[in-house]
Every structure is written in C-alpha cells, then in structure tokens.
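Counting along the sequence shown from 1, when you hit position 56 you're at 56 in full-length UniProt numbering, and nothing is skipped either side.
C-beta: ideal position from N, C-alpha, C; glycine also.
Because the structure is a prediction, the values reported are computed rather than measured.
Note sheet for the following structure.
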Amino acid sequence: MVRSRFESDAPVVVGIQIADLRVPAAVRNASGSPAILDCEFTLRPDEFNSDSGLVVKWFFNNGPAPVYQWIPGQKPQELGILKGRLNVSHRASDNHATMHRALYIVNPTTELSGDYKCFVSTFGDEDFMTKRMVVFAMRKSKADGLINKPLAYLPVNEPDAIFYFSGYA
C-alpha cells in the first residue's frame, strides 16, 4: 500500500463535530435527582485557543433564544426556562474548551419535557444535535400516595404515568 506523505494513522478532525449527545429519554418529575444532558464535541487543535470564538449554546423546543450559553473563559449563563434551574459549576470535563458543555438540571419538572438542541460554534465552523427528554409524573392514588405497581398489575384502563409535553398541542 502506498501512502501519501501527508497521511497519518490519526483520525482527521475537519472542524467542530458533536461526537455524542447524551440526554436521558425519561426522568421522574421532581424526584430530587438531577438530569445531566451532555454534548460531547471535538475540535481541530487550532480551535482550542482562546481566539477561535468557541461558543456552546443549548436551545429548548426549537426556540430562537438559547436557554444556556458558555464561552470558554467566562461563567456559563442560564437563560429562559432554565434560569435558576442549573448547577452552572458542574464540569463535564477538565479540558478548558469543553468543561461546561453539559446541562446539569438540578430538579427536573414536567415543564422541562421537550427537545434539547446543543449548538457548538467557532468563527469558522458549527454543528448541532437535538434529542428529546420527557419528564414524567407518576399517577397519584386517592390517598395521594404514589402508585409504584408494575404496569402488569394495574387495570388496563388506568395509566401508570401521565406525560406532559411542553409546547405540544
């Protein structure tokens, strides 16, 4: 096999690429457990410097304004529906260019069900990916206790959960 002197065995990163968007498919309403939405991305080596214009933004339900924004070297900003709902000190990595790429929702509730889009950009490139998260509430009994029976034990006509989709008719 003949190789060009410019080829290498290392993968070539041609720009920003979101490698993985980890969003929990379903989380329980007001359970006290956080939901972590992580946007893992790769950059070219020259985009790791401070003058590349790197910005990480998250959008909710295709809204025009971000609900989160982070520029390396600055404090993350929680905006809109997520204002006051995030742990902005959470670090997804120790790398200065990716440490605040994730959303750490402290106590998700049903109005946070919907589509989450991670949008990563520099002055020269951009990429985005979207995934849905459903925050569900368990049905309560007449005694206001949660029903924790498996679906197989519930009567067919009684749902075991009620799903709320914000922004859907």
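With contacts defined as CB atoms closer than 8 Å, V120 and V56 qualify as a contacting pair.
Cβ contact annotation for V67 (same chain, cutoff 6 Å, sequence separation greater than five): W58, F60, L79, G80, I81, L82, in chain order. Rounded to whole angstroms, S113 and R132 show a C-alpha spacing of 8 Å. With 16 or more other Cβ atoms inside 10 Å of its own Cβ, K117 counts as buried. Among the bridge pairs identified by DSSP, E40 is matched with D20.
The C-beta distance from F128 to G53 rounds to 16 Å, too long to fall under 8 Å, and the pair is not in contact.
When the Cα atoms are used, A92 and N49 turn out to be separated by approximately 19 Å. The beta carbon of R22 sits closer than 6 Å to those of D38, all from its chain and outside the five residues before and after it, given in chain order. Here DSSP, grouped into helix, strand and coil, assigns L79 to coil. Under a 10 Å Cβ-count criterion, P64 is classified as exposed, with fewer than 16 other Cβ atoms of the shown protein chains found around its own Cβ. Taking every protein chain shown into account, the CB of A35 has 16 or more other CB atoms within 10 angstroms, so this residue is buried.
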